[in-house]
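Undergrad:
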Amino acid sequence: MQLTSKLPHVGTTIFTVMSALANEHGAINLSQGFPNFPSPERLSELVCHYMKKGYNQYAPMPGVAGLRERLAEKVEQLYGATINPDTEITITAGATQAIFTAITAFIRPGDEAILIEPAYDSYKPSIEVNGGTPVPYQLHAPDYRVDWAELGQLVTSRTRMIIINTPHNPTGTILKAEDMLALEKLTAGTDILVLSDEVYEHLIYDGQEHQSVLRYPALWERCLATFSFGKTFHNTGWKVGYCLASAHLMAEFRKVHQFNVFTVNTPVQYALADYLADPETYLSLPAFFQQKRDFFLETMKGSRLRPLRCEGTYFYLFDYSAISDEPDMEFAKRMTTEWGVAAIPVSAFYSNGCEDKVIRLCFAKTEETLERAGKVLRGM
Ligand code: PMP
Ligand code: GLN
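Each residue of the sequence shown is one higher than the one before, starting from 99 at the first, in the numbering used here.
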């Protein structure tokens with residue numbers, strides 16, 4: 099039998115590779131983005147409660163109604179957007195599935211999708227497996243700012259989608275109001291869709307406001323926005339997220355969703371619906387993670403790893419050029435195997451392996467872990 103791979107250039111994701119290397123060498127794992135502290139106890143209790151009460155069969159295809167209603171209230175309060183919980187919200191198996199489903203629902207062979215690199219690693223293969231062509235627009239250290247006029251030059255008659263991500267993994271930058279207005283202007287009068295990956299919506303610091311596409315009515319009509327409860331409530335292993343889009347886009351999204359997953363984890367959805375009734379559960383997150391960011395930076399004082407900037411997410415980029423001129427992949431591997439702290443090489447987020455001698459460290463860790471890591475990193 100002859101097999102021709104649909105994704106010939108795709109290997110194993112960098113997050114799996116680096117976490118495996120960290121485990122193999124007993125290194126402190128600041129590579130893959132996940133917290134090493136527990137998900138809130140009350141939320142776990144609610145999941146157990148609903149499991150024990152027998153909420154263990156298929157949930158409705160778009161998700162549990164109560165959870166969709168809570169989410170509609172949440173986006174109304176946060177972003178002033180009126181979303182119909184019946185037709186404009188679908189609960190997904192994490193943001194990864196929401197992203198894949200959104201791309202699959204709209205990208206046809208020959209379509210182009212513009213993505214902003216460094217880009218989260220699932221976007222490109224999701225476009226390619228659907229026969230689309232990823233068109234990268236590259237940002238560089240230290241600022242990683244989008245020049246919308248430059249990005250606009252990549253738009254052609256085949257452009258079907260632009261993918262944005264704010265707060266941005268891995269750079270920790272955020273899009274500002276002027277960015278959103280520039281995107282709105284760029285796409286006005288076109289058939290271009292915007293996929294807005296907002297999984298870190300609540301991880302935003304120094305009093306900044308998250309610029310969700312939901313705040314921009316003229317832009318919103320062409321958007322699909324994706325979110326992750328795993329990122330919000332410290333349970334990345336539960337794999338529950340959601341997608342928001344106008345009804346005409348969501349109808350197409352659901353045509354794919356019902357056949358690539360149909361529905362997701364029922365007791366977790368009921369538990370999340372109850373848990374979200376108290377907005378403090380997510381409104382307290384900026385302060386919680388900002389404290390971790392600042393604690394981490396403090397422990398890194400005196401290190402030859404030079405911090406760039408982190409306006410959002412739970413990642414911090416560091417320039418290592420004062421320590422080594424080796425490629426970032428080798429440096430990250432050597433950090434893990436020789437020093438005992440695992441990192442992600444930022445070149446993994448570029449389709450051409452471009453590198454600026456920068457690594458990504460995740461600070462969603464206990465202070466004890468951050469302190470231990472800081473001690474090692476200061477010695478490098
Ligand atoms: N988008 C970005 C930018 C991410 O960092 C991640 C990783 N969590 C995801 C999407 C996927 O989220 P989930 O774990 O909910 O699938
Ligand atoms: N989003 C996480 C990160 O950037 C990892 C998700 C994954 O392992 N696929 O580290």
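For every residue, glycine included, the Cβ atom is placed at its ideal position computed from N, Cα and C.
#1: Closer than 7 Å: is that where the CB of S326 sits relative to any heavy atom of the ligand PMP?
#2: Tell me the residue span of the alpha helix (DSSP H) that contains Y340.
#3: What residue does the alpha helix (DSSP H) around A200 start on, and which one ends it?
#4: Return the first residue and the last residue of the beta strand (DSSP E) that Q236 is part of.
#5: So what does M259 bridge to, in DSSP terms?
#6: May I ask you to report which of helix, strand or coil DSSP gives N134?
#7: So the candidates are I197, E350, V474, L169; which of them puts its Cα closest to the Cα of M433?
#8: Distance check for F413 and P384, CA to CA, integer angstroms please.
#9: So L165 packs on A375, CB below 8 Å; how close in whole Å?
#10: When DSSP builds the beta bridges, which residues end up paired with Y414?
#11: Measuring alpha carbon to alpha carbon, tell me which residue in F113, S129, A163 is nearest V362.
#12: Check whether the Cβ of I197 lies closer than 7 Å to any heavy atom of the ligand PMP, and answer yes or no.
#13: Please state the DSSP three-state secondary structure of I112.
#14: What does DSSP give as the partner residue(s) for I187 in the beta ladder?
#15: By the 10 Å Cβ neighbour count, where 16 or more other Cβ atoms means buried, how is R168 classified, buried or exposed?
#16: Report the residue ranges of all alpha helix (DSSP H) runs contained in full by the segment 350–419; include only those spanning at least 4 residues, in chain order.
#17: For the alpha helix (DSSP H) that T467 lies in, which residues bound it at each end?
#18: Would you check if the distance between the CB atom of K341 and the CB atom of A369 is smaller than 8 Å?
#19: Thinking C-alpha only, which one of G410, G230, A420, M278 is nearest S401?
#20: With a threshold of 8 Å on Cβ separation, who are the neighbours of I201 within its own chain once the five nearest residues in sequence on each side are excluded?
#21: How far does the beta strand (DSSP E) with T285 in it extend, from its first residue to its last?
#22: Tell me the DSSP bridge mates of S142?
#23: Looking at the structure shown, is T102 part of a helix, part of a strand, or coil, going by DSSP?
TA: For this structure:
#1: Yes, since a heavy atom of the ligand PMP falls inside the 7 Å radius drawn around the Cβ of S326.
#2: Careful: Y340 lies outside any alpha helix (DSSP H), inside the beta strand (DSSP E) at 339–343.
#3: From DSSP, the alpha helix (DSSP H) with A200 extends over 192–204.
#4: Segment 231–236, the beta strand (DSSP E) holding Q236.
#5: Answer is A211, L291, bridged to M259.
#6: N134 carries a coil assignment under DSSP once its states are collapsed to helix, strand and coil.
#7: Selected option, being the one with the closest Cα: V474.
#8: Answer to the nearest angstrom: the Cα atoms are 13 Å apart.
#9: In fact, because the Cβ distance is near 11 Å, the residues do not count as touching under 8 Å.
#10: DSSP output for Y414 lists L459 as bridge partner(s).
#11: It is A163 whose Cα lies nearest to the Cα of V362.
#12: Yes, since a heavy atom of the ligand PMP falls inside the 7 Å radius drawn around the Cβ of I197.
#13: I112: helix per DSSP, three-state reduction.
#14: Looking at the DSSP assignment, I187 forms a beta bridge with L342.
#15: R168 sits buried, since 16 or more C-beta atoms from the chains shown fall within 10 Å of its C-beta.
#16: Taking only runs of at least 4 residues, the alpha helix (DSSP H) segments lying wholly in the segment 350–419 are 364–373, 378–381, 383–397.
#17: Judged by DSSP secondary structure, T467 falls within the alpha helix (DSSP H) whose first and last residues are 465–476.
#18: According to the sequence displayed, residue 341 carries Cys and not Lys. Contact flag unset, no.
#19: In this structure, A420 is the residue among G410, G230, A420, M278 with its C-alpha nearest to the C-alpha of S401.
#20: Closer than 8 Å at the Cβ level, and outside the excluded window around I201, lie A211, Y221, S224, I225, N228, G230, M259, L293.
#21: That residue, T285, is in no beta strand (DSSP E); its alpha helix (DSSP H) goes 275–285.
#22: Paired residue(s): none; S142 is not in a bridge.
#23: DSSP places T102 in coil when its eight states are reduced to three.
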